[in-house]
Amino acid sequence: MRNGQTKTTRQASRLWGVVLLVALLTGIAAAQDAGASALQPQGLNRVGTYALRELAPELTGQGVRFGIICRSVTYENDKPQNDYQPNIDHACFGAANLRLQGDRRETVGVSAHSTAICSILFGEDVEATDPDLGSFLYQGAVPAAEGHIYEYLDFGEKYVFTQKAPPVDVITASFGFQFENWWTRALESLIEHEGIPVVASVGNGTNASDPPLYPGASSNTIGVGVVSSVNTGDPATDLTHFSLAYPERSTLGPTDDGRCKPDLIAPGNCLVATADGQRDYTMSGDWSSFATPVTAGVVGLLVQAAQQDDALAAALAPQGGNCVLKAVLMSSATKLPFWHKGRLSTEDDGEAPL
16 MRNGQTKTTR QASRLWGVVL LVALLTGIAA AQDAGASALQ PQGLNRVGTY
66 ALRELAPELT GQGVRFGIIC RSVTYENDKP QNDYQPNIDH ACFGAANLRL
116 QGDRRETVGV SAHSTAICSI LFGEDVEATD PDLGSFLYQG AVPAAEGHIY
166 EYLDFGEKYV FTQKAPPVDV ITASFGFQFE NWWTRALESL IEHEGIPVVA
216 SVGNGTNASD PPLYPGASSN TIGVGVVSSV NTGDPATDLT HFSLAYPERS
266 TLGPTDDGRC KPDLIAPGNC LVATADGQRD YTMSGDWSSF ATPVTAGVVG
316 LLVQAAQQDD ALAAALAPQG GNCVLKAVLM SSATKLPFWH KGRLSTEDDG
366 EAPL
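The sequence shown begins at 16 in the working numbering and counts up by one.
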């Protein structure tokens with residue numbers, strides 16, 4: 016009888032934790048942030064990050080450790096060079112807690128891709144300006160979080176291959192491979208055993224028949240596709256208004272083994288820091304690489320909320336905590352038109368995924 020009560024209590028605690036997390040995420044619908052239009056990137060406003068912060072100003076990512084896995088821009092003799100790093104001299108990273116994990120001695124190079132991802136997550140600039148947008152407050156999804164920047168082969172050798180848990184709470188990866196390989200399979204195993212939420216892009220839909228990329232297509236990851244922005248030629252409009260996920264722009268499943276992917280879609284066209292300059296900004300474009308940190312930022316805020324409430328401890332447990340967070344996100348996400356169909360039309364489609 017005692018064992019039965021313990022099991023029931025544990026189940027109730029986990030259920031209550033899920034309910035609280037869903038309430039936290041869906042409560043943003045009631046928040047009206049009058050100043051949201053003066054904030055960038057507006058992709059974060061579209062998914063409710065700024066409205067959530069209006070409800071709970073303390074949710075800035077404080078205490079949350081992000082692992083950002085980046086690809087090098089160049090390789091020499093199959094050896095990655097040191098050009099996977101963000102432009103840490105940009106003004107939006109002035110107060111950011113970024114930690115470069117590589118120990119290479121080569122000349123440091125800057126990656127525009129990594130710079131954009133890190134600015135969506137950690138950027139903050141109270142004096143940001145742009146010729147087309149005027150003055151605005153630039154604020155990333157988790158400006159107070161720690162950012163651990165890894166080159167992907169280094170990360171693989173140190174943590175994935177050894178199955179050793181990295182010192183982070185959330186992992187995000189904006190790259191992928193058409194097929195599973197040792198790296199993606201080992202990462203899947205690491206997620207399973209350590210319960211770390213991993214958010215990864217599924218691809219940019221160059222061809223509607225292209226398969227979703229791994230590790231975003233893996234079972235245990237949160238695979239992210241991209242919602243296209245409108246295309247008017249006016250940056251103020253294009254960065255604020257978003258439409259649907261189109262197959263030619265956002266890769267879709269099913270995977271080879273018949274699973275639905277992506278798990279979530281989010282805006283990708285965000286105002287981001289440039290790789291060359293201290294206060295210049297540019298549009299990132301409609302790519303799943305940048306929808307991924309938008310989504311990862313929401314995961315980070317949920318992790319912070321769970322860290323601050325003992326009732327939410329199950330969401331951080333190595334035994335399935337990542338599954339709890341993934342379920343919360345997928346259950347509370349807004350369902351776009353025809354989300355239950357395979358195509359962007361009204362006829363039913365029994366073969367295509369959700």
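For glycine and all other residues, C-beta sits at the position ideal for the given N, C-alpha and C.
Limits of the unbroken alpha helix (DSSP H) element including residue i
i    : result
N337 : 336 to 347
G283 : Run containing G283: none; DSSP gives neither H nor E here.
T252 : 250 to 253
R80  : From DSSP, R80 is part of no alpha helix (DSSP H) but of the beta strand (DSSP E) over 80 to 85.
A2   : In the structure as shown, the chain starts at 16 and stops at 369, and residue 2 therefore has no counterpart that could be examined.
E263 : E263 -> no alpha helix (DSSP H), and no H or E assigned at all.
E69  : 64 to 70
Delimiting residues of the beta strand (DSSP E) encompassing residue i
i    : result
Y153 : 149 to 154
E139 : 139 to 145
T370 : Past the edges of the chain, shown from 16 to 369, lies residue 370, and the structure says nothing about it.
L115 : 112 to 115
Y167 : No beta strand (DSSP E) contains Y167, which is instead part of the alpha helix (DSSP H) from 167 to 170.
S216 : 213 to 216
T187 : 185 to 188
I237 : 237 to 242
Span separating the alpha-carbon of residue i from that of residue j
i    : j    : result
S243 : Q96  : 32 angstroms
V314 : G109 : 24 angstroms
G19  : Q100 : The predicted position of G19 is uncertain, since its pLDDT is 41 and thus under 50; a value taken from the coordinates is nonetheless stated next. If I take the Cα positions, the gap works out to 52 angstroms.
S126 : G283 : 18 angstroms
N102 : A290 : 5 angstroms
G42  : D301 : Summary for G42: the model assigns pLDDT 47, below 50, so the residue's position carries little reliability, and this model does not support an answer.
A71  : A281 : 22 angstroms
V157 : V185 : 12 angstroms
E195 : C285 : 30 angstroms
G336 : L344 : 13 angstroms
I132 : F190 : 12 angstroms
Y65  : L59  : 7 angstroms
E69  : G63  : 10 angstroms
A215 : A143 : 29 angstroms
P181 : I83  : 11 angstroms
W198 : G171 : 7 angstroms
A159 : L148 : 25 angstroms
C338 : A53  : 35 angstroms
N92  : C85  : 19 angstroms
V141 : V309 : 20 angstroms
I211 : Q323 : 18 angstroms
L272 : E207 : The sequence given here places Asp at residue 272; Leu does not occur at that position. C-alpha separation (whole angstroms): 19 angstroms.
G124 : V183 : 24 angstroms
Beta-carbon contacts of residue i that lie in its chain and below 7 angstroms, excluding the five residues immediately before and after
i    : result
T349 : none
Q319 : L74, G76, Q77, G78, V79
Q57  : L254, T255
D145 : Y296
T247 : D253
F192 : T199, L228, Y229
R61  : F257, P282
S299 : A131, G283, N284, C285, V287, F305
8 angstroms CB neighbourhood of residue i in its chain, flanking five on each side removed
i    : result
K179 : K173
S258 : V242, S243, S244, V245
T270 : P226, P227, A232, K276
Those residues which DSSP pairs with residue i across a bridge
i    : result
F194 : In DSSP, F194 forms no bridge with anything.
A288 : Y296
P95  : Y90
L54  : L152
G162 : F81, L113
F257 : S244
V125 : Q100
Y229 : F192
Any chain D beta carbon closer than 8 angstroms to residue i
i    : result
V287 : Within the model displayed, chain D is absent; a lone protein chain is all it includes.
Under 8 angstroms between C-beta atoms of residue i and residue j
i    : j    : result
P250 : G220 : no
Q116 : Y167 : no
P230 : A188 : yes
R239 : A306 : This sequence places Val at residue 239; Arg is not what is there. Yes. Within cutoff.
L279 : I237 : yes
L136 : F81  : yes
A330 : L317 : yes
G155 : S134 : yes
E203 : S233 : yes
P277 : V217 : yes
V88  : D104 : no
P227 : G268 : yes
S265 : S303 : yes
A106 : R294 : yes
R200 : E161 : no
A321 : A311 : no
beta-carbon residue i near the ligand HEM non-hydrogen atom, thresh 7 angstroms
i   : result
I84 : You won't find the ligand HEM in this model; it holds no ligand whatsoever.
Same chain only: Cβ atoms within 6 angstroms of residue i, ignoring 5 sequence neighbours per side
i    : result
A111 : F137
Q55  : F151, Y153, L286
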